[in-house]
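Participant: Under the numbering used here, the final residue of the sequence shown carries the number 241; numbering is consecutive throughout. Even glycine gets a Cβ: it sits at the ideal position worked out from N, Cα and C.
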Amino acid sequence: MIEAALTHLQAPFRMNGPEPRPSLPALGQLPLRLRTFRWLLSETWPQAKGKRLLDLGAGPGLFARIASRHGFSVTAVDARMPWTAADIEAGQSSAGSGPVFEDDEFLFIQKDLRDVDDLSGFDVIACIGVLYHLPFADQRDLLARCAARAMVIDTEIYDASRIPESEASRFRPATVAGGYSGAFCREQGQVYSSHGDALSFWFDQDSILRFFADAGCSRVTMVEPQYFSAFGPRRWFVLNG
Ligand SMILES: C[S@@+](CC[C@H](N)C(=O)[O-])C[C@H]1O[C@@H](n2cnc3c(N)ncnc32)[C@H](O)[C@@H]1O
1 MIEAALTHLQ APFRMNGPEP RPSLPALGQL PLRLRTFRWL LSETWPQAKG
51 KRLLDLGAGP GLFARIASRH GFSVTAVDAR MPWTAADIEA GQSSAGSGPV
101 FEDDEFLFIQ KDLRDVDDLS GFDVIACIGV LYHLPFADQR DLLARCAARA
151 MVIDTEIYDA SRIPESEASR FRPATVAGGY SGAFCREQGQ VYSSHGDALS
201 FWFDQDSILR FFADAGCSRV TMVEPQYFSA FGPRRWFVLN G
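Now the structure itself:
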């Protein structure tokens, strides 16, 4: 195993918001997550003018907007058109501006993130709430392609003891190639879930750190403390190639 230098970055605010609700996982902890991203950007890239950020799995575009307001030139990619809270119940996005459009604050491209093949122009790749919606092999390919650049990741961490009983049947503990342990998760076909995959893979805490190191990241910054979604622990990471 290749070692990555691991540093811990302490959030200067409380990382536990209101009790997350399993019925609304996409919106659970949203204010806290937006605040954390805003803070992480100002800690990590105090001068963002002239830098380009790619937001993969951008969803409604709230994080893309924050990055743009921070000074980045932002491209947001999602397999679905930007959706709203109301679209969650309808099961599909109601936006209809075409597969590529200029929002007032960022460029949006409707595309599967696995088909974005040119990452060379971007200084930072954001994967916020999307890594754990991908199968293991696609997470590995994505990390391999991003390894030379900075990434901001916000992802679920598998902890069997924290999965609510009502959701337990969706998770199957597993160890995948490379010996990474975690669980397969049955995706649910919501606007906020996987695009076209029935099963995603959730790493446990130890495995995800080894996964980042094995992908070639030389430095991993782990934001402390972890916070909690309706499915257990979740964390922010900043990776450097
Ligand atoms: C949980 S939402 C997160 C949205 C946003 N980043 C946030 O945190 O609010 C996951 C998003 O990833 C998108 N997504 C899932 N699989 C994708 C894929 N293979 N390619 C592109 N987008 C994908 C979904 O359409 C959804 O908008």
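What are the start and end residues of each continuous beta strand (DSSP E) run of 3 or more residues lying completely inside the region 182-215, in chain order?
Facilitator: Qualifying beta strand (DSSP E) stretches, in chain order: 199-203.
Participant: What three-state label does DSSP hand cysteine 217 in the structure shown?
Facilitator: coil
Participant: Quick check on the burial criterion: 16 or more other C-beta atoms within 10 angstroms. Buried or exposed for proline 99?
Facilitator: exposed
Participant: Would you mind giving the Cβ-Cβ distance between threonine 84 and proline 60, rounded to the nearest angstrom? I have them listed as a contact below 8 Å.
Facilitator: 6 Å
Participant: Is any heavy atom in ligand 1 found nearer than 8 Å to the beta carbon of arginine 210?
Facilitator: no
Participant: When the Cα atoms are used, what is the spatial distance from serine 42 to methionine 222?
Facilitator: Going from the Cα of serine 42 to the Cα of methionine 222 covers about 16 Å.
Participant: Along the beta strand (DSSP E) that carries arginine 52, what are the first and last residues, could you check?
Facilitator: 52-56
Participant: Would you list the one or two residues that DSSP bridges to tryptophan 236?
Facilitator: Asp154, per the DSSP bridge assignment.
Participant: Any idea if glutamine 92 is buried or exposed, counting beta-carbon neighbours within 10 angstroms, 16 or more meaning buried?
Facilitator: Per the 10 Å Cβ criterion, exposed.
Participant: Quick check: the Cα distance between phenylalanine 72 and arginine 162, rounded to an integer number of angstroms?
Facilitator: 36 Å
Participant: Measuring alpha carbon to alpha carbon, tell me which of Arg172, Ala177, Ser97, Tyr192 ends up nearest arginine 186.
Facilitator: If we check each option's Cα against that of arginine 186, Arg172 comes out closest.
Participant: Indicate whether the contact test is met: 3 or more Cβ pairs, each with one atom in the region 212-228 and one in the region 192-200, closer than 8 Å.
Facilitator: no
Participant: Please tell me whether leucine 113 and valine 130 are closer than 9 Å, where the distance is taken between their beta carbons.
Facilitator: yes
Participant: By Cβ distance, which residues of its chain are closer than 6 Å to alanine 67, with the 5 residues on each side in sequence left out?
Facilitator: Once the five neighbours on either side are set aside, the close Cβ partners of alanine 67 are Leu53, Val74.
Participant: Measuring alpha carbon to alpha carbon, tell me which residue in Glu165, Gly241, Asp159 is nearest aspartate 206.
Facilitator: Asp159
Participant: Just how far apart, CA to CA, sit phenylalanine 244 and glutamate 102?
Facilitator: An answer regarding residue 244 cannot be provided, because it is not within the stretch 1 to 241 covered by the chain.
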